[in-house]
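Asks: Please see the structure below; I have some questions.
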Amino acid sequence: MQIITSINMIGIFLVLIFSSSFAYSTQLPPLPFKKLQLPLQTVGPDSTAFDLKGNGPYTSVADGRVLKYQGPNIGFIDFATTSPLRTKEVCDGTNDPNLLITCGRPLGLGFYHKTGDLYITDINYGLLSVGPNGGLATQLVSGINGVPFAFADSLDIDQTGEVIYFVDSGSIFRTRDINLILQSGYRTGRFFKYNIRTKQVTLLLSELSGPAGVALSLDGSYVLITEIIASRIRRFWLKGPKANSAEIFANLTGHPDNIKRTILRIDVLGNVVVSLNITAQYPNSFSEVQEYFGRLYIGSFFLEYFVGVYGV
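Residue numbers -23 to -1, 1 to 289, in mature numbering (1 follows the signal peptide of the UniProt record, and there is no 0), belong to the letters of the sequence shown in order.
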């Protein structure tokens, strides 16, 4: 498994599951690594985010909480929850898939700088938001045209356009069986936008093959969407002569999970030119890489009990 990036106008970190080496990529040297330990028995820090003041990381975990890191002396504390049914007695530390509705399962995280609100995607509860002081998140939208989202996943925010982009990966992801997911061939995923001001949700793309990651380009002209089942990245144009159309941006040898903008770059052909192998610390799986002030924060949907930090 590798984090990969490539060269030109945008920069991304792309998480690949079961990826092989790349013939034309340059291997980065190992980086210093440390673990930010989660509370006892807590696992699955899928996504990370930092607020406008630089506080964090915040991370979404398997027992339904969003946690906030308060430094090495305090560690992680509770910040937000997504399920109105959640109780600490039942949910804290659980990874029971039968408790997803009771406890919630937040995944994607992103702060809207204008208000300081944290936007969250949750497998069952769709898109939610919570204020700067945390607490129980408010559900904004749980589906479209009367059809609930099957598996609300990653998001990214257009800070100037007041729009949140997010994906519904599809019901196959509820199996939590990565091999079954990758072999399914399902094309039931969807890509949406949510207007923060009007509170309207719009379907932008359907029949996606396991959309799992979203990244808005730096100039806001397009969004990249990873398709984990189809092993590719799709580009959806927001502006210009191709606006409201999609194309294949890159075909990959591995299965891409999440995708993030970073200080590194990717070429116009989508060719991988730089890779970083982190299998020593993450031999099984990881779900997201978040770059913040030169450090890489690693998330894992499944079992990890820590947030990994490279470049310490």
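The beta-carbon is built from N, C-alpha and C at its ideal position, and this holds for glycine as well.
Could you give the distance in angstroms between the alpha-carbon of Gly187 and the alpha-carbon of Lys45?
Replies: For this step, residue 187 is matched to residue 210 along the sequence shown. For this step, residue 45 is matched to residue 68 along the sequence shown. Roughly 29 Å separates the two Cα atoms.
Asks: Could you round the C-beta distance between Cys80 and Ser60 to whole angstroms and report it? I think they count as a contact, below 8 Å.
Replies: By one-based count along the sequence shown, residue 80 stands at place 103. By one-based count along the sequence shown, residue 60 stands at place 83. Indeed, because the Cβ distance is near 6 Å, the residues count as touching under 8 Å.
Asks: When you compare the CB positions of Thr19 and Tyr287, do they come within less than 8 Å of one another, or not?
Replies: Start at 1 with the first residue of the sequence shown, and residue 19 comes out as number 42. Start at 1 with the first residue of the sequence shown, and residue 287 comes out as number 310. It is not a contact, given that the beta carbons lie outside the stated cut-off.
Asks: In terms of DSSP beta bridges, what is Ala26 paired with?
Replies: Translated into positions along the sequence shown, residue 26 becomes position 49. DSSP lists Tyr35 as partners of Ala26.
Asks: Take every Cβ of the segment 67 to 77, pair it with every Cβ of the segment 46 to 53, and state whether three or more of those distances are shorter than 8 Å.
Replies: Verdict: no, contact absent.
Asks: Given a cut-off of 8 Å, decide if Gly147 and Tyr163 are closer than it, judged by their beta-carbon atoms.
Replies: On the sequence shown, position 186 is the one that residue 163 refers to. On the sequence shown, position 170 is the one that residue 147 refers to. Cβ distance < 8 Å, so Tyr163 and Gly147 count as in contact.
Asks: What does the Cβ neighbour count give for Ala189, buried or exposed, with the cut at 16 atoms within 10 Å?
Replies: Locating residue 189 in the sequence shown gives position 212, counting from the first residue. With 16 or more other Cβ atoms within 10 Å, it is buried.
Asks: Would you mind working out which of Asn101, Ala207, Ser208 and Asn221 sits nearest Val200, comparing C-alpha positions?
Replies: What you label residue 200 is simply residue 223 of the sequence shown in a count that begins at 1. Minimum Cα distance to Val200 is reached at Asn221.
Asks: Kindly indicate which three-state DSSP category Pro83 falls into: helix, strand or coil?
Replies: Within the sequence shown, numbered from 1, the residue matching residue 83 stands at position 106. It is a strand residue.
Asks: Using a Cβ-Cβ cutoff of less than 7 Å, which residues in the same chain neighbour Gln225 once the five nearest sequence positions on both sides are dropped?
Replies: Here residue 225 refers to the residue found at position 248 when the sequence shown is read from its first residue. This sequence places Ile at residue 225; Gln is not what is there. Counting only Cβ-Cβ distances below 7 Å, and skipping sequence neighbours, we find Arg209 and Arg211.
Asks: Are Val191 and Val144 touching if we call contact CB-CB under 8 Å?
Replies: The sequence position of residue 191 within the sequence shown is 214, counting from 1. The sequence position of residue 144 within the sequence shown is 167, counting from 1. For Val191 and Val144, yes; Cβs fall inside 8 Å.
Asks: Give me, in chain order, the residues of the same chain whose beta-carbon lies closer than 7 Å to that of Arg63; leave out the 5 immediate sequence neighbours on both sides.
Replies: Translated into positions along the sequence shown, residue 63 becomes position 86. Once the five neighbours on either side are set aside, the close Cβ partners of Arg63 are Gly41, Thr79, Cys80 and Gly81.
Asks: With DSSP as the reference, label Lys65 as helix, strand or coil.
Replies: Sequence index remark: in the sequence shown, residue 65 carries index 88 (1-based). The answer is helix: DSSP assigns Lys65 an H, G or I state.
Asks: Could you give the distance in angstroms between the alpha-carbon of Asp99 and the alpha-carbon of Gly85?
Replies: Residue numbering aside, residue 99 sits at position 122 when the sequence shown is read from its first letter. Residue numbering aside, residue 85 sits at position 108 when the sequence shown is read from its first letter. Going by the C-alpha atoms only, they are around 7 Å apart.
Asks: What separation, rounded to the nearest whole angstrom, lies between the Cα atoms of Phe270 and Asn32?
Replies: Within the sequence shown, the letter at position 293 stands for residue 270. Within the sequence shown, the letter at position 55 stands for residue 32. Rounded to the nearest angstrom, the two C-alpha atoms are 12 Å apart.
Asks: What are the residues that DSSP puts in a beta bridge with Ile54?
Replies: To locate residue 54, count along the sequence shown from 1; it is residue 77. Its beta-bridge partners are Lys45.
Asks: Would DSSP call Pro74 helix, strand or coil?
Replies: One-based indexing of the sequence shown puts residue 74 at position 97. Pro74: helix per DSSP, three-state reduction.
Asks: Do you know how far the Cα of Gln177 is from the Cα of Lys216?
Replies: Locating residue 216 in the sequence shown gives position 239, where the first residue counts as 1. Locating residue 177 in the sequence shown gives position 200, where the first residue counts as 1. Rounded to whole angstroms, Lys216 to Gln177 spans 20 Å at the Cα level.
Asks: Nearest CA to the CA of Arg272: which residue from Leu17, Pro22 and Ala26?
Replies: As a working note, residue 272 is residue 295 in the sequence shown. Comparing Cα positions, the closest option is Ala26.
Asks: Can you tell me where the beta strand (DSSP E) with Asn221 in it begins and where it stops?
Replies: Residue numbering aside, residue 221 sits at position 244 when the sequence shown is read from its first letter. Note, Asn221: premise wrong, no beta strand (DSSP E); not H, not E.
Asks: Run through the DSSP bridge pairs and tell me what Val140 is partnered with.
Replies: Taking the first residue of the sequence shown as 1, we reach residue 140 at position 163. According to DSSP, which records beta bridges pairwise, Val140 is partnered with Asp135 and Asn172.
Asks: Cβ atoms of Ile121 and Gly87: under 8 Å apart, would you say?
Replies: For the purposes of this step, residue 87 is taken as residue 110 along the sequence shown, with counting starting at 1. For the purposes of this step, residue 121 is taken as residue 144 along the sequence shown, with counting starting at 1. Their beta carbons are not under 8 Å apart, which means Gly87 does not touch Ile121 by this criterion.
Asks: With respect to the beta strand (DSSP E) encompassing Val118, which residues constitute its N-terminal and C-terminal limits?
Replies: In the sequence shown, counting from the first residue as 1, residue 118 sits at position 141. Run containing Val118: Thr115 to Val118, per the beta strand (DSSP E) assignment.
Asks: What does the alpha-carbon distance come out to for the pair residue 331 and Thr179?
Replies: An answer regarding residue 331 cannot be provided, because it is not within the stretch -23 to 289 covered by the chain.
Asks: Can the beta-carbon of Ala227 be found less than 8 Å from the beta-carbon of Phe213?
Replies: Along the sequence shown, read from residue 1 onward, the residue named residue 227 stands at position 250. Along the sequence shown, read from residue 1 onward, the residue named residue 213 stands at position 236. Not in contact: Ala227 and Phe213 (Cβ atoms no closer than 8 Å).
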